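This report concerns only the one structure given below.
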Amino acid sequence: MGTLTALVVALVVGPTMIRRLSQHHVGQVIRELGPKSHLSKAGTPTMGGALVLVAITFSTLLWSDLSNRYVWLVLFVTLGFGAIGGGTII
């Protein structure tokens, strides 16, 4: 059920999140020295991991045993790595 919940959250939240990221110009930077086929990626939102983190966090909080400290540990480590990954884009 947790996996299905995460999928539904991603499908529901995804279009809105992508639209907002595009409005804020959070897009893929394409180097001119790279392959010419990558030029079509210009402007693609690069925060797809944020959508995954939202879906995982919501599903975890909804379906897991919140009295288990290991659930909280894994959730905070996952969000921490997401914050580190998101910080490299800014």
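Each residue of the sequence shown is one higher than the one before, starting from 2 at the first, in the numbering used here. Where is the CB? At the ideal position from N, CA and C, for every residue including glycine. This structure is a prediction, so every number in the text was calculated from the model and none was measured.
{"Query": "Residue span of the alpha helix (DSSP H) that contains M18, given as start and end", "Result": "3-24"}
{"Query": "Segment contact, 8 angstroms Cβ cut-off, at least three pairs: the segment 46-66 with the segment 74-88", "Result": "yes"}
{"Query": "Distance between G50 and V75 (C-alpha atoms, nearest Å)", "Result": "17 angstroms"}
{"Query": "Under 8 angstroms between C-beta atoms of S68 and A7", "Result": "no"}
{"Query": "CA-to-CA distance, A11 to T4, given in whole angstroms", "Result": "11 angstroms"}
{"Query": "Boundaries of the alpha helix (DSSP H) in which S60 is found, first to last residue", "Result": "49-64"}
{"Query": "For V9 and T17, the rounded distance between their alpha carbons", "Result": "14 angstroms"}
{"Query": "Where L76 sits in the DSSP three-state scheme", "Result": "helix"}
{"Query": "Check whether G87 and M48 have beta carbons under 8 angstroms apart", "Result": "yes"}
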